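Data first, discussion second: the structure below is written as structure tokens.
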Ligand code: AMP
């Protein structure tokens with residue numbers, strides 16, 4: 001199973017990706033975690049992207065694509081659950097040229113109203129992510145999501161791989177809905 005999760009910041013991509021990766025027995029790959037790891041390790045790449053992460057700005061396509069493709073190259077053939085990438089249509093197009101069968105067998109959109117996303121991010125700020133603390137940064141990330149990531153919904157719908165799930169539910173219920181949507185997409189009884 002090669003699965004991509006889409007959703008606004010705060011929609012629960014990280015939580016759901018962890019649960020689904022465990023369910024399918026595949027690695028969970030998060031572009032945000034890959035970049036934060038580089039920042040924490042103080043690498044050259046980390047130094048180049050740290051400011052953008054703090055401000056909620058997107059990292060240039062080339063940098064994030066390389067980080068994610070390196071991680072994907074290390075995954076077993078059983079697949080992966082990927083979240084945070086792609087975040088722009090140009091990232092998705094590039095990824096589709098690099099993967100003969102496309103980047104994803106299925107793409108799940110976690111739908112959540114902006115007000116609920118804001119509320120969840122404010123709660124998550126206590127856990128220590130610096131880009132969750134500043135309301136201005138949160139607003140920028142939500143705007144970016146609508147402006148440059150949401151067009152991926154049409155992109156993947158056009159490829160016939162998109163499923164949409166209501167993310168305004170307890171995490172376990174969202175996971176159940178995602179698995180049901182994937183079964184329906186695969187034509188399971
Ligand atoms: P996330 O953990 O997915 O919310 O990502 C945290 C931050 O990492 C984002 O605000 C961006 O600065 C950066 N980032 C993560 N994934 C991408 C991506 N696919 N393209 C550009 N920037 C990204």
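Numbering (our numbering), first residue to last: 1 to 189.
Heads up, the beta-carbon is just placed ideally off N, CA and C, and yes, glycines get one too.
Because the structure is a prediction, the values reported are computed rather than measured.
- When DSSP states are grouped into helix, strand and coil, residue 186 belongs to the coil group.
- Across the set 180, 187 and 184, the C-alpha of 180 shows the shortest separation from the C-alpha of residue 20.
- In the three-state reduction of the DSSP assignment, residue 104 falls in the coil class.
- Straight across, the Cα-Cα distance linking residue 96 with residue 67 is about 16 Å.
- When the five nearest sequence neighbours on each side are left out, the beta carbons in the same chain lying within less than 6 Å of the beta carbon of residue 182 are those of 106, in order along the chain.
- Secondary structure at residue 77: coil, using DSSP grouped into helix, strand and coil.
- Residue 39 and residue 187 have their alpha carbons spaced roughly 42 Å apart.
- Distance from the C-beta of residue 120 to the nearest heavy atom of the ligand AMP is not below 8 Å.
- Shortest gap from the CB of residue 9 to any heavy atom of the ligand AMP: under 8 Å.
- In the three-state reduction of the DSSP assignment, residue 134 falls in the coil class.
- In the three-state reduction of the DSSP assignment, residue 113 falls in the coil class.
- Per DSSP, reduced to three states, the secondary structure at residue 4 is strand.
- Pairing residue 62 with residue 120, the inter-Cα distance amounts to about 30 Å.
- When the five nearest sequence neighbours on each side are left out, the beta carbons in the same chain lying within less than 7 Å of the beta carbon of residue 14 are those of 30 and 83, in order along the chain.
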